[in-house]
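Input: a single structure, listed below in structure tokens.
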Amino acid sequence: MRKRTLALATVSGAALLAAGSLTPAAQGGSVLRSDVFTPVPRARPVPVNLTPAAYARPASDTGPARTASRPAADPAPAADPAPADAGEGAVGAAELLAKVAACKPVSNGSYRTDESASPSVPVCGMNGAVFWKADLDIDCDGQVTEACNVDTDPWFQGDTAFHTSGDRPLNAEELPYVVVPSRSSLWDFGSSGIKGGGVVAVVHAGKVEYAVVGDTGPAGIIGEASYATAEALGIDPDPKAGGVGSGVTYILFKDSVVSPIESHGAAVTAGEGLAKEFLRNN
Numbered sequence: 022m023r024k025r026t027l028a029l030a031t032v033s034g035a036a037l038l039a040a041g042s043l044t045p046a047a048q049g050g051s052v053l054r055s056d057v058f059t060p061v062p063r064a065r066p067v068p069v070n071l072t073p074a075a076y077a078r079p080a081s082d083t084g085p086a087r088t089a090s091r092p093a094a095d096p097a098p099a100a101d102p103a104p105a106d107a108g109e110g111a112v113g114a115a116e117l118l119a120k121v122a123a124c125k126p127v128s129n130g131s132y133r134t135d136e137s138a139s140p141s142v143p144v145c146g147m148n149g150a151v152f153w154k155a156d157l158d159i160d161c162d163g164q165v166t167e168a169c170n171v172d173t174d175p176w177f178q179g180d181t182a183f184h185t186s187g188d189r190p191l192n193a194e195e196l197p198y199v200v201v202p203s204r205s206s207l208w209d210f211g212s213s214g215i216k217g218g219g220v221v222a223v224v225h226a227g228k229v230e231y232a233v234v235g236d237t238g239p240a241g242i243i244g245e246a247s248y249a250t251a252e253a254l255g256i257d258p259d260p261k262a263g264g265v266g267s268g269v270t271y272i273l274f275k276d277s278v279v280s281p282i283e284s285h286g287a288a289v290t291a292g293e294g295l296a297k298e299f300l301r302n303n
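Going from the sequence shown to my numbering is simple: count from 1 and add 21.
This is the structure in structure tokens:
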């Protein structure tokens, strides 16, 4: 179990340019109070049809500031057998991993997995996708829930870079989402066709979990996903001591958008088709 420190470094919020209509966003980066956003019951969203619209924050650099890295997690077991539950959809983890064995970097250098780590993780490009291989730190930001709040997470922030169709922060406890590094000279995710609400295949220990791009993090650090993503992959989702130190592959499909962003069913439907296309084209 890893031990975290409370040393925080403030970074600028991301400027997220997404296709389609943009919803209003919370300004000023203040943490939302629990009396405004009350806990939401745990229930899987109902799948809906995909539309081309993205529900994103306005494209500006005035969004909520994100805190810097959370300390490194304990290394993953050297040989973790694939579980019987291979995750979502018919595309297997081994099929996806076989396609991302080699890296053609699209970032101008490498990212750190935590503030104290050396830069070691490039963003790699392929036909129709970018990917990276890193750790998984727990993002519990967004709506206040039983698992994600100021008491359970010392780094909790009550906002996310992208909002629901009702203009609320995302629900990290319920919605599988991935955090991308804020735009910088190292890499600008928008220039690679990555958008808020874009589809991500997250692979770990023989499982595939489909998620969406839901938040932004420090400009020089990579490897973070929501409480729900970790839980679905069999990773300890505790925001204080959970996560895993290595062995997680993130495949982000270019120019994809799920609407509404909060529909996990829509992400799975889109992800299955995009993963099959990715296998065909690479």
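Where is the CB? At the ideal position from N, CA and C, for every residue including glycine. Here the structure is a predicted model, which means the values were calculated and not measured.
The continuous alpha helix (DSSP H) containing Thr250 extends over residues Tyr248 to Ala253. Unbroken alpha helix (DSSP H) stretches of 4 residues or longer found wholly inside the stretch 183-262: 248-253, given in chain order. Shortest Cα-Cα distance from Ile282 to any of Asp188, Phe274 and Cys161 involves Asp188.
Here the alpha carbon of Val199 sits roughly 12 Å from the alpha carbon of Val269.
For Phe299, the enclosing alpha helix (DSSP H) begins and ends at His285 to Asn302.
Arg204 counts as buried, since at least 16 other C-beta atoms from the protein chains shown sit within 10 angstroms of its C-beta. Membership of Lys120 in the alpha helix (DSSP H) is indicated by the continuous run Ala114 to Lys120.
Following the DSSP letters along the chain, one finds Cys145 inside the beta strand (DSSP E) bounded by residues Cys145 to Met147. According to the DSSP assignment, Ile282 belongs to no beta strand (DSSP E), since it is labelled neither H nor E. Val279 is positioned such that its CB atom lies closer than 8 Å to that of Val220. Measuring C-alpha to C-alpha distances from Phe177 to each of Phe299, Gly108 and Glu167 identifies Glu167 as the nearest. Spatial neighbours of Glu245 in its own chain (CB-CB distance under 6 Å, excluding positions within 5 residues in sequence) are listed in chain order as Asp158, Asp160, Val200 and Gly238. The alpha-carbon separation between Asn148 and Asn170 amounts to approximately 39 Å. Cβ-Cβ distances below 7 Å link Ile243 to Tyr132, Thr134, Val142, Trp153, Ala155 and Pro202 in the same chain, with the five nearest sequence neighbours on each side left out; the list follows chain order. In this structure, Asp236 keeps its C-beta atom at 8 Å or more from the C-beta atom of Asp172. Pro126 sits in a strand when the DSSP states are folded into three classes. In the three-state DSSP reduction, Trp176 falls in the coil class, being neither helix nor strand.
The C-beta separation of Ala111 from Glu293 comes to about 7 Å, placing the pair in contact by the 8 Å criterion.
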